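Written below as structure tokens is the structure these notes are about.
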Amino acid sequence: MPLSKRRAIRRNLCRIITISSSAAPSPHRFTMSGPLTGAIRVPGDKSISHRSLMLGALAVGETRVTGLLEGEDVLATAVAMRSMGAEITREDSGTWSIHGVGVGSLLQPDVAIEMGNSGTSTRLLMGVIASHAISAVFTGDASLSRRPMGRVIEPLSMMGAQFETSPGGTLPLRLQGACPAVPIEYRVPVASAQVKSAVLLAGLNTAGITRVIEPVMTRDHSERMLRGFGAELTVEEVNGERVIEIRGEATLQPQTIEVPGDPSSAAFFVVAALLTEGSDLVIENVGLNPTRAALLGVLRQMGGSIEELNRRNVGGEPVADLRVRHSALTGIEVDPAVAPSMIDEFPVLFVAAALAKGTTRTSGLDELRVKESDRLSAMATALTLAGAQVEEAEDGLTIHGSGGEPLPGTAEDAAVTTHLDHRIAMSMAVAGLASRKGVLVDDTAPIATSFPTFRALLEEAAA
Numbered sequence: 001m002p003l004s005k006r007r008a009i010r011r012n013l014c015r016i017i018t019i020s021s022s023a024a025p026s027p028h029r030f031t032m033s034g035p036l037t038g039a040i041r042v043p044g045d046k047s048i049s050h051r052s053l054m055l056g057a058l059a060v061g062e063t064r065v066t067g068l069l070e071g072e073d074v075l076a077t078a079v080a081m082r083s084m085g086a087e088i089t090r091e092d093s094g095t096w097s098i099h100g101v102g103v104g105s106l107l108q109p110d111v112a113i114e115m116g117n118s119g120t121s122t123r124l125l126m127g128v129i130a131s132h133a134i135s136a137v138f139t140g141d142a143s144l145s146r147r148p149m150g151r152v153i154e155p156l157s158m159m160g161a162q163f164e165t166s167p168g169g170t171l172p173l174r175l176q177g178a179c180p181a182v183p184i185e186y187r188v189p190v191a192s193a194q195v196k197s198a199v200l201l202a203g204l205n206t207a208g209i210t211r212v213i214e215p216v217m218t219r220d221h222s223e224r225m226l227r228g229f230g231a232e233l234t235v236e237e238v239n240g241e242r243v244i245e246i247r248g249e250a251t252l253q254p255q256t257i258e259v260p261g262d263p264s265s266a267a268f269f270v271v272a273a274l275l276t277e278g279s280d281l282v283i284e285n286v287g288l289n290p291t292r293a294a295l296l297g298v299l300r301q302m303g304g305s306i307e308e309l310n311r312r313n314v315g316g317e318p319v320a321d322l323r324v325r326h327s328a329l330t331g332i333e334v335d336p337a338v339a340p341s342m343i344d345e346f347p348v349l350f351v352a353a354a355l356a357k358g359t360t361r362t363s364g365l366d367e368l369r370v371k372e373s374d375r376l377s378a379m380a381t382a383l384t385l386a387g388a389q390v391e392e393a394e395d396g397l398t399i400h401g402s403g404g405e406p407l408p409g410t411a412e413d414a415a416v417t418t419h420l421d422h423r424i425a426m427s428m429a430v431a432g433l434a435s436r437k438g439v440l441v442d443d444t445a446p447i448a449t450s451f452p453t454f455r456a457l458l459e460e461a462a463a
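Sequential numbering from 1 applies to the sequence shown in UniProt numbering.
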């Protein structure tokens, strides 16, 4: 590599690009509105959208995607894959066209890969690049730059990739891919679909069998989509564990993909309709992958009226329209075993618990402390500021519900702190709908990372 390029990489490594944090905050007070009625559609599933772009870029030929989530996180993935040679365009119809370069043929990116706030695309792209003969510098916003990458760096280093990171194993970091990479057997130490997926994606361009052992099942979009694109991948249950094997060096075939609605985005409207008197709302085309749908079961346990209509399969994923009606909720003890299947939905579940009758207890949620923010601490503080009764433990929250009575809400000059976390912002927006004075959110700008139409859909459903 030329000296000038090495110096440029070092300069990139020494700076943190902070897209979300550099813009002026956009505070907003969310207040009670009318019942949520009619039918709405939430944006496409973020996990499937990320993987559609990555696998399409690694296939040979044209992949076409409808329903792609056009939030900042997914758009960052599109920019990253373009920088490594893929041709990715959006047509006027909203369909995305991806002309891939093939596994093993990614090009050296000329500039740092800016990931904004997206931990998913950062970790998965680290897996993609780890077995290619290229190097890349990853940067992100202030929130992403605090998130640990060590859990992905460990297995990818075992495969031969080399890393230079910021203190604590965080972004910005430089990754030098291995050529050739070494196949490994890796037991995932914590329930993490991102770690599993990173290793499997690295295995695509690694000769031989790469094996991942998953003691606790996590979302399986990677396995489903890799097989759909033609990768030789098997999954077996051995002594209560999932053993996933992928054979490299793979040749991926282009696909036509219809992305279902994101269940994590639908969750905010499900809880909002349950809590808002008179609501009868249909949320269309929601993905109900069993590794993502545990929230619905928990809310039903609490007494929520959630009906699945027109259940069907779209692109290998179960999908249904959800009819949600206002319900009197009762607090429960949430089984920690469901955490991997609803880890992103706990913030909004905490809001539902705050309005329920009785006490809700959660545990086994250590993973929430290393998301876009420390979501346990952030939600405990935010709900307390809005008038809820919350006790914080190391691995969960205990919430004493209001019995269906609206929360007091936040004082005129008291804003909940979102820590640049889109799910904290949207969860507290839902809390505002069920509070007397409303809830002032310090910054709604991070919502654009995953759900840019959130406020517009809220207004539409309450019209």
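Yeah, the Cβ is synthetic: ideal placement off N, Cα and C, and Gly gets one too. Everything numeric in this text was worked out from a predicted model, so none of it was measured.
Short Cβ contact (7 Å threshold) for residue i with residue j
i	j	result
P347	G71	no
G102	V60	yes
L407	T362	no
V334	V282	no
E258	T66	yes
M158	I184	yes
V190	P340	no
M84	P109	yes
A378	H419	yes
F229	Q194	no
T444	A425	yes
P167	T139	no
S118	A76	yes
Residue range of the unbroken beta strand (DSSP E) whose run includes residue i
i	result
T63	60-66
R325	317-325
A393	389-393
I134	It is not in any beta strand (DSSP E) - I134 carries neither H nor E in the DSSP assignment.
G278	No beta strand (DSSP E) holds G278; DSSP gives it neither H nor E.
H28	28-30
S305	305-314
L397	396-400
Residues that DSSP places opposite residue i in a beta bridge
i	result
S118	According to DSSP, which records beta bridges pairwise, S118 is partnered with nothing at all.
P254	According to DSSP, which records beta bridges pairwise, P254 is partnered with nothing at all.
S97	R64, T89
E236	V243
L175	A136, F163
L107	Partner(s): none; L107 has no beta bridge.
S435	L407
R211	E185, E245
T359	H400
I283	I40, L322
T330	K357
I113	F138
residue 481	Residue 481 falls outside the range modelled here, since the chain spans only 1 to 463, and no answer is possible.
G34	DSSP, once it has assigned bridges, lists no residue as partnering G34.
Residue i, enclosing alpha helix (DSSP H) - first and last residue
i	result
G169	Here G169 belongs to no alpha helix (DSSP H), and DSSP marks it neither H nor E.
S222	221-228
residue 464	With the chain running from 1 to 463 in the structure shown, residue 464 is simply not present.
E154	150-158
L457	454-462
S197	193-203
DSSP-derived helix/strand/coil call for residue i
i	result
I447	helix
S373	coil
T381	helix
I343	helix
L440	strand
G56	helix
residue 470	Because the chain in this structure spans residues 1 to 463, residue 470 falls outside the shown range and cannot be described.
A293	coil
L69	coil
A267	helix
G127	helix
A425	helix
A24	coil
L299	helix
Whole-Å CB distance - residue i paired with residue j, under 8 Å assumed
i	j	result
G401	G358	6 Å
V351	V270	Contact doesn't hold; Cβ gap of about 11 Å is too wide.
R174	N289	The pair is not a contact, with the Cβ atoms about 34 Å apart (cut-off 8 Å).
L274	H221	So it is not a contact: roughly 26 Å between Cβ atoms.
Neighbour flag for residue i against chain C, beta carbons, 7 Å
i	result
M158	This model lacks chain C altogether, as it is built from one protein chain only.
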